[in-house]
Every structure is written in C-alpha cells, then in structure tokens.
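Report on the structure given below.
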Amino acid sequence: MPPKPPIRIPKTSAPVARTRFAPPPPTKSTPRTPTRSQPSHPTPPPPRTPWYGTRPIRSGLIWTANTVAMGCALLWVRDHHVDVLSIKGVSMAPTVNPELHETGKKDWVIVRPYAQSGHGRGVERGDVVTFWKTHKPEECGIKRVVGLEGDTVYVKRGYALDKQEGKLGGMPDGLGSLDPDAVDGRMEEVGKVVVPYGHVWVEGDNSRFTLDSRDYGPMSKGLLMGRVVWIWRGWGEWVRMGDERGKKEKARASRVVEGRAELPAVFLE
Amino acid sequence: MAPRLANPHEWSRIAFNLSKVALVVHIFQRYIGGISPTAGMSMVPTIPVHYHKRPYILYSSLHRRGRGVKVGDVITYKSPVVASSQGCKRIVGMPGDFVSVVTPGRRDEDIEAVDVDGRWASLGQQVVQVPEGHCWVAGDNLEWSRDSRLFGPVPLGLVTGKVLAVMLPLSDAKWLGGELDVKDVQEKEHEWVIKR
Numbered sequence: 001m002p003p004k005p006p007i008r009i010p011k012t013s014a015p016v017a018r019t020r021f022a023p024p025p026p027t028k029s030t031p032r033t034p035t036r037s038q039p040s041h042p043t044p045p046p047p048r049t050p051w052y053g054t055r056p057i058r059s060g061l062i063w064t065a066n067t068v069a070m071g072c073a074l075l076w077v078r079d080h081h082v083d084v085l086s087i088k089g090v091s092m093a094p095t096v097n098p099e100l101h102e103t104g105k106k107d108w109v110i111v112r113p114y115a116q117s118g119h120g121r122g123v124e125r126g127d128v129v130t131f132w133k134t135h136k137p138e139e140c141g142i143k144r145v146v147g148l149e150g151d152t153v154y155v156k157r158g159y160a161l162d163k164q165e166g167k168l169g170g171m172p173d174g175l176g177s178l179d180p181d182a183v184d185g186r187m188e189e190v191g192k193v194v195v196p197y198g199h200v201w202v203e204g205d206n207s208r209f210t211l212d213s214r215d216y217g218p219m220s221k222g223l224l225m226g227r228v229v230w231i232w233r234g235w236g237e238w239v240r241m242g243d244e245r246g247k248k249e250k251a252r253a254s255r256v257v258e259g260r261a262e263l264p265a266v267f268l269e
Numbered sequence: 001m002a003p004r005l006a007n008p009h010e011w012s013r014i015a016f017n018l019s020k021v022a023l024v025v026h027i028f029q030r031y032i033g034g035i036s037p038t039a040g041m042s043m044v045p046t047i048p049v050h051y052h053k054r055p056y057i058l059y060s061s062l063h064r065r066g067r068g069v070k071v072g073d074v075i076t077y078k079s080p081v082v083a084s085s086q087g088c089k090r091i092v093g094m095p096g097d098f099v100s101v102v103t104p105g106r107r108d109e110d111i112e113a114v115d116v117d118g119r120w121a122s123l124g125q126q127v128v129q130v131p132e133g134h135c136w137v138a139g140d141n142l143e144w145s146r147d148s149r150l151f152g153p154v155p156l157g158l159v160t161g162k163v164l165a166v167m168l169p170l171s172d173a174k175w176l177g178g179e180l181d182v183k184d185v186q187e188k189e190h191e192w193v194i195k196r
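Protein sequence lines, in the order shown, are assigned to chains Z and Y.
Numbering-wise, the first sequence is residues 1 to 269 according to the UniProt record's numbering.
Numbering-wise, the second sequence is residues 1 to 196 according to the UniProt record's numbering.
Here is the structure:
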C-alpha cells in the first residue's frame, strides 16, 4: 500500500468577504481598544456603592447597635467570667507582691467571679478573694478568707482584744453579749469572735501590714467579687494561686474553729 | 413569612439578635438604671403596697456604691445578711453622723426587750456614729421594717442604686426628690417625718 500523502493545512486563512458593514479586520499597528469584545447580551456595569452604603442611616444604626452590644459583651465577660486586676499593696506579701518593697514589681491577678457575682456563693476557707472595701466603697481589696459564717475565730490582735466598746460603730462585730451573771460583767471570752450569718472573716497573709477583719470586723458576702486563681508576674511567669506563707507567718494568723450558722429568725420571710 | 421562618439559619439569626438585646438590657440595668417591681411594706407611705399589683420603681444605677447619695435619698441595696436579696430603704445617716439605734417613739426599755425576743435593734447601744464608708438606712414604716436597727450600718459598697420615682400604681406615681418628701417638722429636734 503506497504511503498516504501528508495532510496539508492551508496556512492562509480563508478570505473574508468584505462587505460595507463589516468592521475591517484588526491590524497589528492599531492599538486594541477596551471596547473590543462586546458581550452577547450587554448589561450595565454594577453601580459603585459609596463607602457609607446605599442606606446610610440604617447601616449606621446597625453598626452603632453592634458596637454597643460588643461593649456590653466585654463588660459581661468581666463581670461574670474573668477579670484582671493589678495589686498595689503588700498585705498579701509572701503570696502576692512578694518583691514590692524591694523592687517595686507589681503582680497582676486573674480573678474568677463567683457564680451569680455579688452573692458570694461558693466561697470556701482558704480562698483568696477580691472584694469592695467596707470603709472605702470605690476601692478593691484582696485578702484570704479565714472563716465562714458560724466559725469561731480566736484573734491575736485587733478590736476583739481591745476593751474599748463600740469601736466598730455599730457594725456587726461577732463578739459575745455582756454576761450580767459574771462577776465583773465582761465578755464571755476575750479575743473570741463568732462570724455572723452572711459574713466572712478575711485576713491578709502579711499580718504586719494589713488592714483586715481583725480591724473592721466580719465582712458581708455581698461585697465579695471573685476568687483569685492565677498570678501573672510578667511574660512566662504564671503562678497558680496558693499559700506561700512560712511557719512564722502562719503562727501569726488567727485560729479558727469551724462551725455552722443559721439565718436569724428575724430575717425569715 | 412562612418560608423565611422555615429556614433554620433564620432562627439562629433571630436568637442571636435576641441575645444581643438581652445582654444590652442586662448591662444597662446594672450600670445605668431601670425599672423593677418591689414588694413589702417597709416603705409604706412612699412606696405603697397593693394586694394584687406590685408597685414599680424607677432606679438609677449610676448611684451604685453610694456615689453621690445623701441623707434622705431612697436607695436599693444588697442585704448585708442575705446577699441575694435586695432591700429598698431611706438613708438616715451618712459616715460620721450620729444616729439613734432605738426607734423614735419607743421607750428606752425596749432595748432590753430586744435581745429577748430578737425583734428590734440587736446592737445594744442607743446612739451610734456611722463608721467610714457606711450608711444608716431605715424604712419609712418604722414599725414594720428590717433595717439598720437590726443589721447595723450598711457598707456603701452594697448600694446598688438610688430610687428616682415610684411609677406604677398610677395613683401614687411621684418623683422622690430627697428633701421634697422629707420634712423637718421641728427646727431644733430634727425628727424626720414623712409628709403626706
């Protein structure tokens, strides 16, 4: 079988019939115009939306509402979930701010607010808590909860050992009432405090530089904000909240005998 | 409307927006103010008590923690004894003021009877100087009120707001203006008496 002749493709395109209405064929010398390729169904280009949108009042209101909601969400997280505070004092010294008096280095604490914040539910002995100070309503304090309601606290200093009566100005002091049958009519036991219902007894770890329940008496649970869970001392220095006190410091703290308290009958509904 | 609500994405969008609204309302009530129902007869001439309708008050939370409150203001506060319950009383003394623990009009022997049945003034002192950062509260209905005579001075940190007006029993709706509804009847003796 003889070989087939190779297929020849014509190199020149077929001649276009030039009519009066057909456009001239493009030449290399003429620059390409952008309107060269026309779509089959010409649609107008989409209108450019200005930066303020097509409905500026409506979108502005929505933007404002979302910003307000975001701010409220931040406040809600701070109130109910996690809070960060910087601590300025040395009242919790071996545990928080141990180097403040030497280097001036301040600690930050991560606070976990109690469930249903402000009610003080779930507080336990040994927790380090932040609270609104009783004597300065706009300041926060940080102390360790030593006694709960109903506990008996034997203090080693403070108002309970002073003989001066009415030093707390009518605040609940937890001291026993006067015993008219005793020989000299004194308190039942000097230095003994029973924490009243709905209150806690807080003390600072650094018992030499602290203003705590030994001075202003039991503190209402409604003032508690939250429990300190972490201490932050700079990058990479996360310390879990614990008890760094030595034996000497612990010996200076009050002695606590656990007890129970019931709601006084006057406050029942 | 029906095909739009059949879309589960639409439901989640509605739920998200509703939760946003609830959040804003919650924060607004806590930090700025709001309207809330009250119960109890401890403030009776000022805030009335009804059988079936609870009176509503308008409160301002801008005065929380005792910012700018003064003697004569009606405040809401968390009870120092039961922190989950709120009270609404009138401020009688601010820090440094001397207040009478014994109810005016009661005899002095009552302070002895108090400790026996545990009903009145458990403080054991007749006159107290309100300590720093506290306030002394008392209900307008002194005969039926659990106030500072029982639990002592209230820390200002427990104050949640100041009552601006009584709203809902329309017959008793009024603004509470501090000095306006408390009258000093005797110039010298300073007894706080409610005007009706």
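Where a beta carbon is used, it is the ideal one built from N, C-alpha and C, also for glycine.
From a predicted model like this one, the values you see are computed outputs, not experimental measurements.
Could you tell me the alpha carbon to alpha carbon distance between residue i and residue j, rounded to whole angstroms?
| i | j | result |
| --- | --- | --- |
| Lys136 (chain Z) | Leu156 (chain Y) | 8 Å |
| Gln86 (chain Y) | Arg214 (chain Z) | 28 Å |
| Glu138 (chain Z) | Arg65 (chain Y) | 7 Å |
| His101 (chain Z) | Lys88 (chain Z) | 11 Å |
| Phe98 (chain Y) | Gly170 (chain Z) | 11 Å |
| Val116 (chain Y) | Val229 (chain Z) | Residue confidence is low: Val116 (chain Y) scores 39 on pLDDT, short of 50, so the model does not pin down where it sits. No coordinate-derived value is stated. |
| Gly217 (chain Z) | Lys174 (chain Y) | 39 Å |
| Arg90 (chain Y) | Ile27 (chain Y) | 25 Å |
| Leu75 (chain Z) | Ile231 (chain Z) | 22 Å |
| Asp172 (chain Y) | Leu58 (chain Y) | 13 Å |
| Tyr51 (chain Y) | Pro45 (chain Y) | 15 Å |
| Ala121 (chain Y) | Arg146 (chain Y) | Reliability of the predicted coordinates at Ala121 (chain Y) is poor, the pLDDT of 48 falling under 50, and the value obtained from them is presented with this limitation in mind. In a straight line, the C-alpha of Ala121 (chain Y) is about 9 Å away from that of Arg146 (chain Y). |
| Leu168 (chain Z) | Ile142 (chain Z) | 21 Å |
| Pro153 (chain Y) | Gln129 (chain Y) | 10 Å |
| Thr76 (chain Y) | Asn7 (chain Y) | 45 Å |
| Asp79 (chain Z) | Pro46 (chain Z) | 47 Å |
| Arg30 (chain Y) | Ser60 (chain Y) | 9 Å |
Determine the DSSP secondary structure at residue i, reduced to helix, strand or coil.
| i | result |
| --- | --- |
| Trp11 (chain Y) | helix |
| Leu58 (chain Y) | strand |
| Pro218 (chain Z) | coil |
| Ile57 (chain Z) | helix |
| Leu85 (chain Z) | strand |
| Glu249 (chain Z) | helix |
| Ser36 (chain Y) | strand |
| Gln86 (chain Y) | strand |
| Thr64 (chain Z) | helix |
| Ala173 (chain Y) | coil |
| Ser100 (chain Y) | strand |
| Lys105 (chain Z) | coil |
| Lys136 (chain Z) | coil |
| Gly147 (chain Z) | strand |
| Trp76 (chain Z) | helix |
| Glu124 (chain Z) | coil |
| residue 270 (chain Z) | No answer is possible for residue 270 (chain Z): it lies beyond the span of chain Z, which begins at 1 and ends at 269. |
| Tyr51 (chain Y) | coil |
| Leu164 (chain Y) | strand |
| Tyr31 (chain Y) | helix |
Just mark residue i as buried or exposed, buried being the case when its beta carbon has 16 or more other beta carbons within 10 Å.
| i | result |
| --- | --- |
| Ala160 (chain Z) | buried |
| Asp127 (chain Z) | buried |
| Trp238 (chain Z) | exposed |
| Pro131 (chain Y) | buried |
| His9 (chain Y) | exposed |
| Asp212 (chain Z) | buried |
| Val102 (chain Y) | buried |
| Val21 (chain Y) | exposed |
| Phe16 (chain Y) | exposed |
| Lys151 (chain Y) | The sequence shown places Phe at residue 151 (chain Y), rather than the Lys named in the question. Per the 10 Å Cβ criterion, buried. |
| Ser12 (chain Y) | exposed |
| His41 (chain Z) | exposed |
| Glu189 (chain Z) | exposed |
| Asn97 (chain Z) | buried |
| Gly177 (chain Y) | exposed |
| Thr49 (chain Z) | exposed |
| Thr38 (chain Y) | buried |
Which whole-angstrom value is the C-beta distance of residue i and residue j, which I expect to be below 8 Å?
| i | j | result |
| --- | --- | --- |
| Trp108 (chain Z) | Leu223 (chain Z) | About 22 Å; that fails the 8 Å criterion. |
| Gly139 (chain Y) | Ser79 (chain Y) | Actually they are not in contact, since the Cβ atoms of Gly139 (chain Y) and Ser79 (chain Y) sit about 13 Å apart, beyond 8 Å. |
| Glu244 (chain Z) | Thr130 (chain Z) | Contact doesn't hold; Cβ gap of about 18 Å is too wide. |
| Ala93 (chain Z) | Asp205 (chain Z) | 6 Å |
| Lys221 (chain Z) | His119 (chain Z) | 7 Å |
| Ser148 (chain Y) | Val137 (chain Y) | 5 Å |
| Ala253 (chain Z) | Gly150 (chain Z) | Actually they are not in contact, since the Cβ atoms of Ala253 (chain Z) and Gly150 (chain Z) sit about 19 Å apart, beyond 8 Å. |
| Glu71 (chain Y) | Cys88 (chain Y) | Strictly speaking, residue 71 (chain Y) in this sequence is Val, with Glu absent from that position. The Cβ separation is near 16 Å, so there is no contact. |
| Val146 (chain Z) | Val256 (chain Z) | 6 Å |
| Gly226 (chain Z) | Val111 (chain Z) | 4 Å |
task: Closer than 7 Å, Cβ to Cβ, to anything on chain Y: give me those residues from the region 193-210 of chain Z, in chain order.
output: Tyr197, Gly198
- prompt: For the region 81-101 of chain Z, which residues have a CB atom closer than 8 Å to at least one CB atom of chain Y, in sequence order?
  reply: none
message: Can you pull out the residues from the region 142-155 of chain Y whose beta carbon lies closer than 9 Å to at least one beta carbon of chain Z?
response: Arg146, Ser148, Leu150, Phe151, Gly152, Pro153, Val154, Pro155
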